[in-house]
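Colleague: Dropping the structure in here first, questions after.
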Amino acid sequence: MTAPALSCIANRPDVSHAEMANAIRFLAIDAVERAKSGHPGMPMGMADVATVLFSHFLKFDPDDPAWPDRDRFVLSAGHGSMLLYALLYLTGYEGVTLDELRSFRQWGSKTPGHPEYGHTPGVETTTGPLGQGIATAVGMALAERLMNARFGDEFVDHHTYVMAGDGCLMEGLSHEAISLAGHLKLSRLIVLFDDNEISIDGSTSLSCSDDQLARFRASGWSACRIDGHDPAAIAVAIEQARQSDRPSLIACRTLIGFGAPNRQGSEKAHGAPLGAEEVEKTREALNWPHAPFEVPDGVLDAWREAGVRGRGARRAWIERTRRVNSVPRSAFHDALNRNLSCGYADAMAQIRQRFGADRPTIATRQASQLVIDSIAEALPNLLGGSADLTHSNLTKAKTHRVVRPDAFDGGYVHYGVREHAMAAAMNGIALHGGFIPYGGTFLTFADYSRPAIRLAALMGIRVVHVMTHDSIGLGEDGPTHQPVEHLAALRAIPNLLVFRPADAVETSEAWDCALRAQVSPSVLCLSRQAIPAFRDAGETNLVASGAYVVVEPDGGRDVTLIATGSEVTIALRAARLLAADYVRAAVVSAPCFELFRQQSCEYQAAVLGRVPRIGVEAAVEGNWPRWLGDGGEFVGMTGFGASAPAEVLYREFGITAEAVATKALQCIARSRMATTYS
Ligand SMILES: Cc1ncc(C[n+]2csc(CCOP(=O)(O)OP(=O)(O)O)c2C)c(N)n1
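Quick note, in my numbering, the sequence shown goes up one by one and the last residue is 1031.
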């Protein structure tokens, strides 16, 4: 068997399309074989599509993988990572060498099991959890239109291409994402669907009967089906998609494991090495008599030519944008570089000082609204949004105009009831560059976005989640809406900053930390209920230290009360109750444990104190014992909440100043006994 020999669209007359595609296939086969693990079937199946895309359409320049106006390519079917690594090598990305391909999936290599953003040049986003790539790409395509509306075609005029498999399209996330993209008419988004009708368990007919074309069309997309091994058909379909006034799906009918006589078309090609014998047979079948990892010079040259195809476009872009008057040019680069605007610091300082002076008794979600209102104009690249809870999350600035298909100059996205797609799209927006995205929902629905939040943390990108209604304090909506385990669950994600500010000043400081966190996503957990202010603004952002002493009793401590968010008020009242009994209680506010963990041991010890410690948080205990030590106690939730007014719930669940004071006295007594008898 041979791959279609259509040289008509190859870069060089002496090298056929089939040879270029086979170079991808065999690099994938050989790397998986050598690693003894990996997924050869997808790269073998989609090699023809990838060859046409990269050699004729994709606008990219390996010399500058971060060129702002490059097309974005997202391998949503991340298990097919060798397809991408082979392309990066073949087109000449520095650092993605043949040796790196030989080290596929090995410690320290540039070619990890699934593509990882920030690890391998040319990888635009981390993929592997199916569905994330296509949803992230929606954010990239949206960011492209938003930047285009602000800076024009001279600066921003590119496409976002996605390769997604059956698995990506089966995931629920894909529905949210394609629906949002269709609504916004993101015409620069083109999805190349690896329509091979195979997933791990076997034929997709085992579990799925969707008419994908009809499904996408129903969401406002253009859709067509082609033979994914016919380069001419692929080229025509991509060209048509580029002309469409809506996002496009090209279902590329392919054979998984194309070319492997005993594996192609079968799930056996999906996720295991072909084996020496089958590799031999595939070499024969595809007429590829070359040694493992050997790409003949002519074929490599043709690929390298494909790699330099975009050089002219990049140079033209540099020239073009250089000619533009310097105001928009510097605004463009300001938006792209991750620094905050000059006006931002003043705007943030002003609202923080105002909170300190006014000491308002307001919900932290309201404080957050005031912060957003204050900084939105000074920070034009702040891109707001909410998953249909704008009026509850209080996320829309007064000055924000809404993003619509005919108005991409807006600064606020109504994501609809699509928390997961919102989180993934925000990742794409941040990755594309030009914006700091934030989006709101209720904290209890963090679970709906969690896989995308985790990826943001893994990638180290700045995305801000505004999650209001952060405890039983939301009251009558009841246990479905009352988060209890979510703080603990979010705190378990590495590199995620979880903030739970305790008053208006802390809310402004938490926002400031989140916006300055260049390499971490943040979650701002905000109250529905009003909370009294308890501190001055002062000079220093105290939230930045993660936890700090709010009350230090004279003459030493008997106990330290540590609380977060709305429960700091309870701890302060408990300290007053204890003072009436001549018990000296320090109160610590701990708005961000991740930042506290980064402080010196000395600072941590000074804040925590060498006395019994009581933790107070209207949530389950989670990792609190780490901060409370052996003699500590936790006052919080042990199960789900209930439907009732907030005050009743706090009383019934025993999260009160009295309960905290009682626990404190018990702990102090226990620790004195232990000292006496030791
Ligand atoms: C969210 C998620 N669930 C499960 C997996 C494990 N997984 C990896 S590939 C795959 C099957 C994907 O099928 P398809 O997209 O058709 O890929 P193909 O077999 O065509 O390569 C599964 C279940 C995953 N990576 N992500």
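Glycine included, C-beta positions come from ideal geometry on N, C-alpha and C.
Given the structure is predicted, the values throughout are model-derived calculations rather than measurements.
#1: If I measure Cβ to Cβ from Arg844 and keep anything under 8 Å in the same chain, skipping five residues before and after, which residues do I get?
#2: Relative to ligand 1, is the shortest distance from any of its heavy atoms to the C-beta of Ser556 smaller than 6 Å?
#3: Report the three-state DSSP secondary structure of Cys351 (helix, strand or coil).
#4: Keeping to the same chain, check which residues put their C-beta closer than 8 Å to that of Ala810; ignore five residues upstream and five downstream.
#5: Work out the CA separation of His370 and Arg664 for me, nearest whole Å.
#6: Quick one: what's got a C-beta closer than 8 Å to Gly899's C-beta in the same chain, skipping five residues either side?
#7: Please list the terminal residues of the continuous alpha helix (DSSP H) segment that includes His536.
#8: Compute the minimum distance between the beta carbon of His472 and the heavy atoms of ligand 1, and state whether it is under 6 Å.
#9: Sorry if obvious, but does the Cβ on His623 come closer than 6 Å to a heavy atom of ligand 1?
#10: According to DSSP, is Ser597 part of a helix, a strand, or is it coil?
#11: Alpha carbons only, please: which of Ala588, Ala622, Asp580 and Thr489 is nearest the one belonging to Ser552?
#12: Assuming Ser683 and Gln703 are in contact, meaning their beta carbons sit under 8 Å apart, how far apart are those beta carbons, in whole angstroms?
#13: Would you say the beta carbon of Asn482 is closer than 6 Å to some non-hydrogen atom of ligand 1?
#14: Please determine whether the Cβ atom of His432 lies at a distance below 6 Å from any heavy atom of ligand 1.
#15: Spatial neighbours of Val405 within its chain, please: C-beta separation below 6 Å, excluding the five flanking residues on both sides.
#16: Between the Cα of Gly398 and the Cα atoms of Phe546, Thr991 and Glu469, which residue gives the shortest distance?
#17: How many Å lie between Thr913 and Arg963 at the Cα?
#18: Can we count Asp401 as close to ligand 1, meaning its CB is less than 6 Å from some heavy atom?
#19: Considering only DSSP beta bridges, list what Arg425 is partnered with.
#20: From Ser601, Tyr514, Gly831 and Arg803, pick the residue whose C-alpha is nearest to that of Pro998; which is it?
#21: Count the other CB atoms, across all protein chains shown, that sit within 10 Å of the CB of Ile915; report buried if there are 16 or more and exposed otherwise.
#22: Using the three-state DSSP reduction, which class does Ala363 fall into: helix, strand or coil?
#23: Closer than 6 Å by C-beta to Val544: which residues in its own chain qualify, once you throw out the five before and the five after it? Chain order, please.
#24: Mapping DSSP to helix, strand and coil, what is Phe611?
#25: Evaluate the contact criterion for the stretch 807-822 versus the stretch 562-573: three or more CB pairs, one atom per stretch, below 8 Å.
#26: Quick check: Val902 and Ala924, are their CB atoms within less than 7 Å of each other?
#27: Would you call Phe795 buried or exposed, if buried means 16 or more other Cβ atoms sit within 10 Å of its Cβ?
#28: Could you tell me the distance, in whole angstroms, from the CA atom of Gly461 to the CA atom of Arg869?
#29: Who does Ala576 pair with in a DSSP beta bridge?
#30: Any chance the CB of Gly1032 is under 6 Å from a heavy atom of ligand 1?
#31: Please go through the stretch 442-489 and give each complete beta strand (DSSP E) segment of 3 or more residues, from N-terminal end onward.
#32: Could you check whether the stretch 748-760 touches the stretch 798-807, counting it as contact only if at least three pairs of C-beta atoms, one from each stretch, sit closer than 8 Å?
#33: Can you tell me whether Ala939 is helix, strand or coil according to DSSP?
#34: Can Pro790 and Leu736 be called in contact, C-beta distance under 7 Å?
#35: From the DSSP output, in three-state form, read off Thr557 for me.
#36: Identify whether Tyr901 lies in helix, strand or coil by the three-state DSSP scheme.
Modeller: In brief:
#1: Taking the sequence shown and counting its residues from 1, the one referred to as residue 844 is at position 491. Cβ neighbours of Arg844 beyond the five flanking positions: Val851, Phe946, Glu947, Gly975 and Asn976.
#2: Counted from its first residue, the sequence shown places residue 556 at position 203. Not so, every heavy atom of ligand 1 lies at least 6 Å from the Cβ.
#3: This structure cannot speak to residue 351, because the chain is shown only from 354 to 1031.
#4: Numbered from its first residue, the sequence shown carries residue 810 at position 457. Contacts found: Ile846, Pro847, Asn848, Leu849, Ser873 and Pro874.
#5: Position 311 of the sequence shown, counting from 1, holds the residue named residue 664. Position 17 of the sequence shown, counting from 1, holds the residue named residue 370. Their backbone Cα atoms lie some 22 Å apart in a straight line.
#6: Residue mapping note: residue 899 aligns to position 546 of the sequence shown, counting from 1. Within the same chain, and ignoring the five residues on either side of Gly899 in sequence, the residues whose Cβ sits closer than 8 Å to its Cβ are Ala943, Pro944, Cys945, Phe946, Glu947, Leu948, Phe949, Arg950, Gln951 and Gln952.
#7: For the purposes of this step, residue 536 is identified with residue 183 of the sequence shown, where counting begins at 1. Start and end: Gly525 to His536.
#8: What you label residue 472 is simply residue 119 of the sequence shown in a count that begins at 1. Distances taken from the Cβ of His472 to the heavy atoms of ligand 1 include none shorter than 6 Å.
#9: Taking the sequence shown and counting its residues from 1, the one referred to as residue 623 is at position 270. Because some heavy atom of ligand 1 lies under 6 Å away, the Cβ of His623 counts as near it: yes.
#10: Position 244 of the sequence shown, counted from the start, is the residue given in the question as residue 597. It is coil, neither helix nor strand.
#11: Walking along the sequence shown from the start, residue 552 turns up at place 199. Ranked by how close their Cα comes to the Cα of Ser552, the residues Ala588, Ala622, Asp580 and Thr489 have Ala622 in first place.
#12: Counting from 1 along the sequence shown, the entry for residue 683 is found at position 330. Counting from 1 along the sequence shown, the entry for residue 703 is found at position 350. So it is not a contact: roughly 24 Å between Cβ atoms.
#13: For the purposes of this step, residue 482 is taken as the residue at position 129 of the sequence shown. The residue you asked about is not Asn; residue 482 is Pro in the sequence shown. Checking every heavy atom of ligand 1 against the Cβ of Pro482, one is found closer than 6 Å.
#14: In the sequence shown, the residue the question calls residue 432 occupies position 79. Checking the Cβ of His432 against ligand 1 gives yes.
#15: If you number the sequence shown from 1, residue 405 lands on position 52. The answer, listed in chain order, is Pro584, Ile587 and Ala588.
#16: What you label residue 398 is simply residue 45 of the sequence shown in a count that begins at 1. Selection Phe546, Thr991 and Glu469 evaluated against Gly398 yields Phe546 as nearest (Cα-Cα).
#17: For the purposes of this step, residue 913 is identified with residue 560 of the sequence shown, where counting begins at 1. For the purposes of this step, residue 963 is identified with residue 610 of the sequence shown, where counting begins at 1. In this structure, the straight-line span from the alpha carbon of Thr913 to that of Arg963 is close to 9 Å.
#18: Your numbering for residue 401 matches position 48 in the sequence shown. False, no ligand heavy atom lies under 6 Å from that Cβ.
#19: Position 72 of the sequence shown, counting from 1, holds the residue named residue 425. DSSP lists Thr513 as partners of Arg425.
#20: Your numbering for residue 998 matches position 645 in the sequence shown. With distances taken between CA atoms, Pro998 lies nearest to Gly831 out of Ser601, Tyr514, Gly831 and Arg803.
#21: As a first step, residue 915 is located in the sequence shown; it is residue number 562 there, counting from the start. Buried: at least 16 other Cβ atoms inside 10 Å.
#22: Counted from its first residue, the sequence shown places residue 363 at position 10. The predicted position of Ala363 is uncertain, since its pLDDT is 49 and thus under 50; a value taken from the coordinates is nonetheless stated next. Note: Ala363 maps to coil in three-state DSSP.
#23: Here residue 544 corresponds to residue number 191 of the sequence shown, with the count starting at 1. Cβ neighbours of Val544 within its own chain (closer than 6 Å, five residues either side excluded): Val515, Ala517 and Leu602.
#24: Residue numbering aside, residue 611 sits at position 258 when the sequence shown is read from its first letter. Of the three classes helix, strand and coil, the one that applies to Phe611 here is coil, per DSSP.
#25: Put simply, the stretch 807-822 does not touch the stretch 562-573. Fewer than three CB pairs are less than 8 Å apart.
#26: As a first step, residue 902 must be located in the sequence shown, where it is residue number 549. As a first step, residue 924 must be located in the sequence shown, where it is residue number 571. Their beta carbons are not under 7 Å apart, which means Val902 does not touch Ala924 by this criterion.
#27: The residue given as residue 795 occupies position 442 in the sequence shown. Looking at its Cβ environment, which holds 16 or more other Cβ atoms inside 10 Å, Phe795 is buried.
#28: The residue given as residue 461 occupies position 108 in the sequence shown. The residue given as residue 869 occupies position 516 in the sequence shown. Between the alpha carbons of Gly461 and Arg869 lies a distance of about 30 Å.
#29: In the sequence shown, counting from the first residue as 1, residue 576 sits at position 223. According to the DSSP secondary-structure assignment, Ala576 is paired through a beta bridge with Leu602.
#30: The requested residue 1032 does not occur in the structure, where the chain is confined to residues 354 to 1031.
#31: Complete beta strand (DSSP E) runs here, min 3: none at all.
#32: In short, these stretches do not touch, since the Cβ pair count stays below three.
#33: The count along the sequence shown starts at 1 and reaches residue 939 at position 586. Correct three-state label for Ala939: strand.
#34: Here residue 790 refers to the residue found at position 437 of the sequence shown. Here residue 736 refers to the residue found at position 383 of the sequence shown. Result yes, Cβ atoms of Pro790 and Leu736 sit closer than 7 Å.
#35: In the sequence shown, counting from the first residue as 1, residue 557 sits at position 204. In the three-state scheme derived from DSSP, where H, G and I count as helix and E and B as strand, Thr557 is classed as helix.
#36: Within the sequence shown, residue 901 is the residue found at index 548, counting from 1. Here Tyr901 sits in strand by DSSP.
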